[in-house]
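Novice:
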Amino acid sequence: MNSKRSSSPKSAAIISGNEDLLIELLSFFPASTLIRFQLVSKQWHSLISAPSFRRLHTLRHCHRKPQPSFILRPTFPSTTSHEFFYFRPTIKKLIPFSFRFPSVKILQSCNGLLLLETKNTQYGRKIYYICNPTTMQYRNVMIGRTSCERLCLVFDPSKSPHYKVIRFMTKGTARPGREYTIDVYESETHTWNNWGKRRLTNWRFNNAVYWNGGMYFIRPGGNSYCFYLQEIAGVDERIDRPPWTCCKGMRQNYAMESNGHLHSISLSVLPDKNYLSVFEMNKEDRSWFMKYRVDINPIAHLFAVKFPVVGSVLGIVRGDREEDSTFLFHEPGKIILYRFYEESFEVLVDFTTEDYYEEGRVQFDFNDVYQFIETLAPV
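The opening residue of the sequence shown carries number 8 in our numbering; numbering runs sequentially from there.
Here is the structure:
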């Protein structure tokens with residue numbers, strides 16, 4: 008018994024004295040655990056915070072999809088002192104979250120990294136950052152004083168631990184067929200490179216989602232486009248608009264990626280006719296097909312929600328197995344999980360007693376929700 012106890016300190020000493028072995032062991036832990044491990048000792052903090060280790064960890068975990076986390080911005084910020092909240096379905100509570108800078112606007116979330124826009128003053132010049140919300144690292148993406156039509160973030164850890172930022176610029180009023188200058192920021196060198204000029208058929212850079220090697224701009228009620236970043240020049244192509252029905256009570260503003268799947272979602276809110284339609288894009292021909300159709304009337308009946316349902320879709324979480332796929336729905340004061348396979352509901356968070364709750368009013372809209380995976384990817 009004593010020999011076993013005495014061997015433990017020796018084993019720990021051997022591991023801590025062998026840096027290569029320690030790095031190998033630490034690289035298998037999830038990102039959130041390693042953030043806590045940094046507090047163990049100065050040695051561990053130095054190893055885990057090293058860019059080389061974080062790139063190794065990113066590549067090693069690129070095919071291991073953890074449960075995503077969410078950053079939520081209150082739709083009516085005047086009702087709370089917190090500008091953002093952190094939420095993870097497994098934790099089942101809203102945690103106040105803040106960035107280093109005031110007046111932050113999240114432009115895009117892409118596989119664990121965020122593209123941020125900030126201003127020093129209300130009418131000041133826009134400053135852009137790449138942020139890793141897991142490590143709280145920031146990188147100022149310097150764009151000078153040149154006006155910018157749109158920035159887009161491209162990050163695919165399954166292909167590279169480095170990210171790109173695409174900048175679209177044009178002179179005059181944006182319109183179809185106008186010539187755009189395309190610049191690309193490379194995180195590997197932290198430099199901007201000019202990729203020439205192109206006439207783009209797309210000029211409304213809204214609902215940007217990076218998926219399957221392209222930047223998709225989904226407009227449910229209009230033309231949608233995909234921009235492929237190639238080594239010589241970008242190519243934009245028109246794609247099918249998501250299927251939808253224009254009728255009273257229909258909402259369709261949702262385009263999201265989850266675990267390698269691109270979705271377009273329509274939410275119908277009518278008395279006793281509340282349902283969610285989830286369309287998925289086919290990777291082969293980029294056509295849309297119906298993936299799920301969910302009757303959300305049971306949510307209203309079970310949780311005494313008034314009709315028509317006042318709520319919003321926060322996100323879809325696709326699991327590696329079909330039975331693990333879920334979606335998150337928000338109605339005033341609650342965040343509800345729906346399991347597609349089991350057709351069951353669960354209230355994850357009830358914040359009806361919080362000061363930012365207001366009856367009959369959603370606290371978080373889909374456009375203020377940003378899904379990300381926890382990663383150590385350096386910025």
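The beta-carbon is built from N, C-alpha and C at its ideal position, and this holds for glycine as well.
Quick check: the region 102-121 against the region 329-347, are there 3 or more CB pairs under 8 Å?
Specialist: Result no; under three Cβ-Cβ pairs closer than 8 Å.
Novice: In this structure, does DSSP put Lys72 in helix, strand or coil?
Specialist: Reduced to three states, the DSSP call for Lys72 is coil.
Novice: Count the other C-beta atoms from every protein chain shown that fall within 10 angstroms of the C-beta of Pro103, then say buried if there are 16 or more, exposed otherwise.
Specialist: Exposed, because fewer than 16 other Cβ atoms sit within 10 Å of the Cβ of Pro103.
Novice: Between the C-alpha atoms of Ser265 and Leu120, what's the straight-line distance to the nearest angstrom?
Specialist: C-alpha separation (whole angstroms): 14 Å.
Novice: Does the region 53-65 come close enough to the region 298-308 to have 3 or more Cβ pairs within less than 8 Å?
Specialist: They do not touch, by the three-pair rule.
Novice: If you compare alpha carbons, which of Lys133, Thr128 and Phe162 is closest to Asn139?
Specialist: That would be Phe162, whose Cα lies nearest to the Cα of Asn139.
Novice: What span of residues does the alpha helix (DSSP H) with Pro58 cover, start to end?
Specialist: From DSSP, the alpha helix (DSSP H) with Pro58 extends over Pro58 to Arg67.
Novice: Assign Thr125 to one of three DSSP states: helix, strand, or coil.
Specialist: Looking at Thr125 - three-state DSSP - the assignment turns out to be strand.
Novice: Counting C-beta neighbours from all protein chains within 10 Å, is the total for Arg206 16 or more, i.e. buried, or is it exposed?
Specialist: Flag for Arg206 reads exposed.
Novice: At the level of alpha carbons, what is the spacing between Arg368 and Thr360?
Specialist: Taking the straight line joining both Cα atoms gives about 14 Å.
Novice: In angstroms, rounded to a whole number, what distance separates the CA positions of Ser34 and Thr177?
Specialist: The straight-line gap from Cα to Cα measures roughly 44 Å.
Novice: Helix, strand or coil: which one does DSSP assign to Ala215?
Specialist: Here Ala215 sits in strand by DSSP.
Novice: For Lys204, which of Asp190, Val216, Ser105 and Phe92 has the nearest alpha-carbon?
Specialist: The shortest C-alpha separation from Lys204 is found at Asp190.
Novice: Per DSSP, what kind of secondary structure is Phe91 in: helix, strand or coil?
Specialist: Note: Phe91 maps to strand in three-state DSSP.
Novice: Looking only at its own chain, which residues have a Cβ that is under 6 Å from the Cβ of Tyr223, when we skip the five neighbours before and after it?
Specialist: These residues qualify, in order along the chain: Val216 and Cys233.
Novice: Below 8 Å CB to CB, which residues in the same chain sit around Gly221 once its five sequence neighbours on both sides are set aside?
Specialist: Counting only Cβ-Cβ distances below 8 Å, and skipping sequence neighbours, we find Cys233, Phe234, Tyr235 and Leu236.
Novice: Consult DSSP for Asn201 and reduce its assignment to one of helix, strand or coil.
Specialist: It is a strand residue.
Novice: Are there 16 or more other CB atoms within 10 angstroms of the CB of Val47, so buried, or fewer, so exposed?
Specialist: Per the 10 Å Cβ criterion, exposed.
Novice: Applying the criterion that 16 or more other CB atoms from any shown protein chain within 10 Å of the CB defines a buried residue, is Asn374 buried or exposed?
Specialist: Flag for Asn374 reads exposed.
Novice: Put Pro305 into one of helix, strand or coil per three-state DSSP.
Specialist: Pro305: helix per DSSP, three-state reduction.
Novice: With H, G and I counted as helix, E and B as strand and the rest as coil, what does DSSP make of Asp190?
Specialist: In the structure shown, Asp190 sits in a strand (DSSP, three-state: E or B).
Novice: By Cβ distance, which residues of its chain are closer than 7 Å to Tyr93, with the 5 residues on each side in sequence left out?
Specialist: Contacts found: Ser76, Ile78, Ile102 and Phe104.
Novice: Quick one: grab the DSSP three-state call for Phe352.
Specialist: Strand, per DSSP.
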